Structure formats: C-alpha cells, structure tokens
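Same order as they appear, the protein sequences are chains A and B. Numbering-wise (our numbering), the first sequence opens with residue 1 and increments by one. Numbering-wise (our numbering), the second sequence opens with residue 1001 and increments by one. Following: one structure in structure tokens, then a few remarks.
There are 2 protein chains.
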Amino acid sequence: MGVLYPVEEVLLRTRSRYQEIEVLVLRGFGKTLVLDGLIQSSEKDEHVYHEALVHPALILHPEPRRVLILGGGEGATLREALKHPSVEKAVMVDIDGVVVDVAKRYLPEWHQGAFDDPRAEVLIMDGFEYVRSASMRGDAFDAVIMDLTDPYGSEVAARLYTREAFSLVKSAMSAGGVLVVQAGSSTLFAEAFEAVYRAVSANFKHVYEYDVWVPSFSYMNSFVIASDSYDFASLTGGEAQRRIEERGLRLRFLNGERLVAMRAFAGLRLG
Amino acid sequence: MGVLYPVEEVLLRTRSRYQEIEVLVLRGFGKTLVLDGLIQSSEKDEHVYHEALVHPALILHPEPRRVLILGGGEGATLREALKHPSVEKAVMVDIDGVVVDVAKRYLPEWHQGAFDDPRAEVLIMDGFEYVRSASMRGDAFDAVIMDLTDPYGSEVAARLYTREAFSLVKSAMSAGGVLVVQAGSSTLFAEAFEAVYRAVSANFKHVYEYDVWVPSFSYMNSFVIASDSYDFASLTGGEAQRRIEERGLRLRFLNGERLVAMRAFAGLRLG
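If you want it as structure tokens, here you go:
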C-alpha cells in the first residue's frame, strides 16, 4: 500500500550524492523530512519515533557514557541521547553531509542545539568505515543507536544491516554495551525485518523486538534491541520509570508503562 | 492523509440503502470489506481488530451471559463473543441487511458459522431503535459491543455515538455491565474521538481508552471501554491471561500482556 499526504508547501527539494532530500509541510503533520520519497520524521510526531528509538537502550544501560549514533541526520537522535546526564561523548556519523546541513537550516525543532553541545561530535562519513576503524582501535561505546534509512532501501544503508556490520559494531562496544537498530516494519516488511533480527542475533545474547506506532509512517515501526549483559525483557515498567525520573529525563511520549507496552506487539504478522 | 491500496480483484461492488459496499482483494491484505470507501476489515488482520474489540470487555466481566452487538455486519464480532462459554445469548443488530447478506456469501472466514449458532440472534434494524426498546423493557445485557462505522461517518452511525444513545444503552444493561465502543483514531481524528469519550463518560463511572494497530487501517484504532462496576485499569495482565485460559479462549492476537499494552497508548496526540 501507499500513503498519500497532502503537501501544503515545499520548503526544499534537492538531491545529494546519496538521495533525494525534501523538506515539505504536510497537512496534519507539519514540517517533514522526506528522503527518496519516504518520510523520515515529521514535526508533529518525531518525538514519538526518536524517544522510542533512543531511550529504551539508554535506560537499559545503567550508566551510558559513550554513545555512537549511525545515521540520524536530523539531529533529534543526538538531542535525545544527550538528555542522559551520564553521557560524556556522543559521536554521530552520517554519510550525507547535505542532510545534516539541511537539518541545521530547516529543522531547528529537531536538533534544538544538539549539534553545538560540547559532548557531541558529528562526522560526515560512511558508518561502515567508521565502525570498522572504531572496532580496530578497540573503541568502547556503551550504546550504539542505528538510525538509518530502512533495511530495504539503499545499498549504502543495507551494508550496515548485515551480520558482518553488527559484528564490527559489537567490537566497538564496551562489555555491557547496548545496541538498538531501527528496522522498518516487522509486520509489513517481515522478510527484511527478520534478516536484520537474525543478523543481530548472531552477535548478541539478549535480542528483542519492540514496536511503536508513528502516525506519519502509517505503521508501527519496529526496533531491535540487543546486549550481552542486559536483558531488555527483564526491565520492568517500574524500574524504567524510576530511571527516567532519576536521570531527570524530560520526555513527551515515553514512560515506563509505554516502554513495556512497546515489547508486547513484537511478532505481529499478517494472516 | 489517504492510503492507496493496490486492488488485485473486485469481487463485489454494490450499493445498499445506506452505503456503498465492496468486497475487494487488496495486495498484502487479501479479501477486504470496504464500506463507503473505508476499509472495515481485511482477511489478514481482521482477527487483530475483532479480538481487540471484543475480549477486553468480555474478559473484564466475570461471567457475561447476555451480549448485545450493535453493527458488526461481518459476523466476526459475533464469532468472538460466542467464544466465551458463559454467553447464553448474543443479539446482533445491524441496520444494513445487505452487508449481512454479503458477509454470509463472501466472508465465511469472518463469521465461521457464528450466524448459525443457536445462541445468536441477528436483527436487521436501526440500533438506536433497538436500544430504545430494550431500555424500555428493562433488558439486562452484561456486555454491549458497539462495532459501527466511524463516528465521523454517516448520520445513522453518528446518532449512536451520542450521550443520549449511551444513556439508553446503559438502561439496557445489567448493573455490572461493560460497554465497549470502536471509536476511530484518537490521534488522527482527536475531536471526534473526544466527543465519543465525553458522551460515554457522562454515563459511566470507569471509562478508559485503549488502542491497537490494525495494519490495513494504517493507524491505531481507538476503543472506549466503560463500566460502573468493573475498572478496566485495575485488570492486570496476569489476571486477564488467567481468564483467557480459564475460559478456553483460542485467540490469535490477544493475550494478557497485549491487553495491558493496549492501554498504554491512550492519549497519543500529534504535536
């Protein structure tokens, strides 16, 4: 199926080396970043997506200090990661500098100054190459957040959803590190999702799916969360809520109850 | 926004006194009932919608004997209600006999013989008129399930989403009765949802929203559940699961964990 969004205004339409980039105003959803015709995030519900992507992993880790973000050009993933007071360093690696420039200019509501945070380092390069170097120098990220375009999209992104890529990611993580991967829709694109899930499972001990409805996507977005040390299924809603409060996280969508609820819809398949 | 569904086959396209009725085969979703251009339920995920509609209310009630269904022409709501072994009588009232005939002929996977169950009574008449008579004769339904087209749709349905209608419904219920109402999307059509919620709240003590993603709808469908005696928010996942098992319910989607999870997404608003 396809979704039709009434476009109220075209703020930008351009093309980088990697993709077509649009900033549109969509009726009902406001300002929206669209890459290769697919909605990445809209003003009205980007907080749902970004909070659901970032916080389960960072809450699961007792004290995340070093965070790596692959993709996340809008800067909202960076914004959410930096909310955790224990974070000393957040490295964001996006291959497409044009997207980052577009975000800086057109999407201030997304990054909200995150790019200027002294703890943030933004690198424009291929995430695969970054992860390879990081694994070789024995980097020790406590959390890795993969916020890439969908696994059934471009070849550049596809390479980061492989067993080999997750193995490199793991080598660049601390022993108690937590990985989270945005992985499209496990219901509508079950095959692609399952390939990602298997590739992660080949590398980590505790691996789970969780899902959140992002209205502008028209579907529940699926995530894969993984760690050798921390078991996401054992994190109770009460404990999650306690950590949210303890860390002073100011969230608009996520709370302990919703964190647990997002786990319950894993494995929803058609027919 | 609008959703485009590739149509593989048109099995039926007709018009009743009340609405345009289509039975289509949609790519990815299979055979699908469409009324006035809006998807009512598809072969691949009608179980998600119908289990989420029926069972929270019937599980919340300790021993539902008499059930009233308003709408539900496909017969799948009836099918789910009849799964509860305590149910002695299930009255289904649909205004549109053509929809029921179409369901009998084209949608056997939906009703699965429910129309022939000796406990079922199917009436073709205006639900509002039925409820008015039932309230006058002091009927005592333990559960009322309102499975109508959306509150922002036809005038015929709209009349059943009013404070007056819910007051009549309540008068036709037993003291411990439970009401559940399909109420569109509280996120995408917040105003219409809130009007329904307020109208129910004017009549019942314990009133809650819960939501489930129905892939073919492209959104989370919202429900309002209400009772003077039973507090849905107090029903734990463990107790719900215990009742599911005790009653021998064979479900494909719902379990105790998901029942609780459906409550957690209430109140999701854009922006």
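Glycine included, each C-beta is placed from N, C-alpha and C at the ideal position. In this text, all values refer to a predicted model and were calculated from it rather than measured experimentally.
Which listed residue (the options) has its alpha carbon closest to that of residue i
{"i": "B/G1072", "options": "B/S1174, B/R1137 and B/G1097", "result": "B/G1097"}
{"i": "A/H111", "options": "A/M173, A/S42, A/L58 and A/A134", "result": "A/S42"}
{"i": "A/D142", "options": "A/Q241, A/R65, A/L24 and A/L249", "result": "A/R65"}
{"i": "A/A157", "options": "A/L168, A/M262 and A/G127", "result": "A/G127"}
{"i": "B/P1056", "options": "B/T1032, B/M1262, B/G1271 and B/G1267", "result": "B/M1262"}
{"i": "B/E1194", "options": "B/D1036, B/P1085, B/R1137 and B/A1266", "result": "B/A1266"}
{"i": "A/G248", "options": "A/V7, A/H84, A/R17 and A/K31", "result": "A/H84"}
{"i": "B/Y1161", "options": "B/M1220, B/A1183, B/R1269 and B/R1017", "result": "B/A1183"}
{"i": "B/V1102", "options": "B/P1118, B/T1032 and B/P1151", "result": "B/T1032"}
{"i": "B/E1121", "options": "B/M1092, B/M1146, B/I1021 and B/I1145", "result": "B/M1092"}
{"i": "B/P1346", "options": "B/E1046, B/S1222 and B/S1216", "result": "Chain B is shown only over 1001 to 1271; residue 1346 of chain B falls outside these bounds and no answer can be derived."}
{"i": "A/L70", "options": "A/T149, A/D228 and A/G138", "result": "A/T149"}
{"i": "B/L1251", "options": "B/L1068, B/G1153, B/L1082 and B/A1175", "result": "B/L1082"}
{"i": "A/R159", "options": "A/G271, A/A114 and A/V196", "result": "A/V196"}
{"i": "A/V67", "options": "A/A140, A/G30 and A/S133", "result": "A/A140"}
Rounded straight-line distance, which links the Cα of residue j to that of residue i
{"i": "B/S1171", "j": "B/V1131", "result": "9 Å"}
{"i": "B/G1177", "j": "B/E1239", "result": "19 Å"}
{"i": "B/N1203", "j": "B/M1001", "result": "33 Å"}
{"i": "B/Y1264", "j": "A/A52", "result": "The sequence given here places Ala at residue 1264 of chain B; Tyr does not occur at that position. If I take the Cα positions, the gap works out to 14 Å."}
{"i": "A/M173", "j": "A/V87", "result": "15 Å"}
{"i": "A/R13", "j": "B/I1244", "result": "53 Å"}
{"i": "B/S1186", "j": "A/E164", "result": "42 Å"}
{"i": "A/M220", "j": "B/P1062", "result": "32 Å"}
{"i": "A/R17", "j": "B/I1059", "result": "56 Å"}
{"i": "B/I1095", "j": "B/L1188", "result": "27 Å"}
{"i": "B/V1010", "j": "B/R1198", "result": "39 Å"}
{"i": "B/V1077", "j": "B/A1090", "result": "The amino acid occupying residue 1077 of chain B in the given sequence is Thr; Val does not appear at that position. Looking at the two C-alpha atoms, the distance is approximately 10 Å."}
{"i": "A/V169", "j": "A/A192", "result": "20 Å"}
{"i": "B/M1125", "j": "B/I1021", "result": "18 Å"}
{"i": "B/G1256", "j": "B/A1190", "result": "27 Å"}
{"i": "A/L35", "j": "A/E155", "result": "14 Å"}
{"i": "A/L4", "j": "B/L1038", "result": "15 Å"}
{"i": "B/S1216", "j": "B/E1046", "result": "9 Å"}
{"i": "B/E1246", "j": "B/D1231", "result": "20 Å"}
{"i": "B/E1129", "j": "A/L24", "result": "48 Å"}
{"i": "B/L1235", "j": "B/Q1241", "result": "10 Å"}
{"i": "B/D1228", "j": "B/A1175", "result": "8 Å"}
{"i": "A/R258", "j": "A/A134", "result": "34 Å"}
{"i": "A/V272", "j": "A/L268", "result": "Residue numbering for chain A in the displayed model covers 1 to 271; residue 272 of chain A lies beyond these limits and cannot be assessed."}
Per-residue DSSP class, three states only, for residue i
{"i": "A/Q182", "result": "strand"}
{"i": "A/R159", "result": "helix"}
{"i": "A/M173", "result": "strand"}
{"i": "A/D116", "result": "helix"}
{"i": "B/F1253", "result": "coil"}
{"i": "B/F1223", "result": "strand"}
{"i": "A/E8", "result": "strand"}
{"i": "B/A1090", "result": "strand"}
{"i": "A/R132", "result": "helix"}
{"i": "A/E245", "result": "helix"}
{"i": "A/D101", "result": "helix"}
{"i": "B/T1149", "result": "coil"}
{"i": "B/F1166", "result": "helix"}
{"i": "A/I95", "result": "coil"}
{"i": "A/S216", "result": "helix"}
{"i": "A/A143", "result": "strand"}
{"i": "A/E239", "result": "helix"}
{"i": "B/L1270", "result": "coil"}
{"i": "A/H206", "result": "strand"}
{"i": "A/E63", "result": "coil"}
{"i": "B/G1075", "result": "coil"}
{"i": "B/L1107", "result": "coil"}
Close Cβ partners of residue i (< 8 Å) along its chain, the five nearest in sequence each way excluded
{"i": "B/V997", "result": "As displayed, chain B neither begins before 1001 nor continues past 1271, which places residue 997 of chain B out of reach and without an answer."}
{"i": "A/A233", "result": "H206, Y208 and R263"}
Close-in-space but distant-in-sequence residues of the same chain around residue i (CB under 7 Å, 5 per side omitted)
{"i": "B/V1048", "result": "V1212, V1214 and F1253"}
{"i": "B/D1116", "result": "none"}
{"i": "A/E80", "result": "H50, E51, V54 and H55"}
{"i": "B/Y1210", "result": "P1056, F1223, I1225, M1262, R1263 and A1266"}
Sequence-distant residues of the same chain with beta carbon closer than 6 Å to residue i, five excluded per side
{"i": "A/V260", "result": "G237"}
{"i": "B/L1107", "result": "E1074"}
{"i": "A/K104", "result": "none"}
{"i": "A/P6", "result": "R27"}
{"i": "B/A1146", "result": "Strictly speaking, residue 1146 of chain B in this sequence is Met, with Ala absent from that position. The residues are L1070 and V1181."}
{"i": "B/L1123", "result": "V1093"}
Neighbour flag for residue i against chain E, beta carbons, 7 Å
{"i": "A/Y210", "result": "Within the model displayed, chain E is absent; protein chains A and B are what it includes."}
Check: What residues from the stretch 1218-1251 of chain B come within 8 Å of chain A, judged by C-beta to C-beta, listed N to C?
Finding: For the stretch 1218-1251 of chain B, which is checked against every Cβ of chain A, the residues closer than 8 Å are S1218, Y1219 and M1220.
Checklist line | Residues in the stretch 132-163 of chain A having any Cβ partner in chain B nearer than 7 Å | finding: Going along the stretch 132-163 of chain A in chain order, one finds no residue with a Cβ nearer than 7 Å to chain B.
Check: According to a CB-to-CB cut-off of less than 7 Å, which residues of the stretch 1173-1185 of chain B neighbour chain A?
Finding: Of all residues in the stretch 1173-1185 of chain B, none is placed with a Cβ closer than 7 Å to any Cβ belonging to chain A.
Next item on the list: Using a Cβ-Cβ cut-off of less than 8 Å, give me the residues of the stretch 37-50 of chain A that come near chain B, in sequence order.
Entry: Of all residues in the stretch 37-50 of chain A, E43, K44, D45 and V48 have a Cβ within less than 8 Å of some Cβ in chain B.
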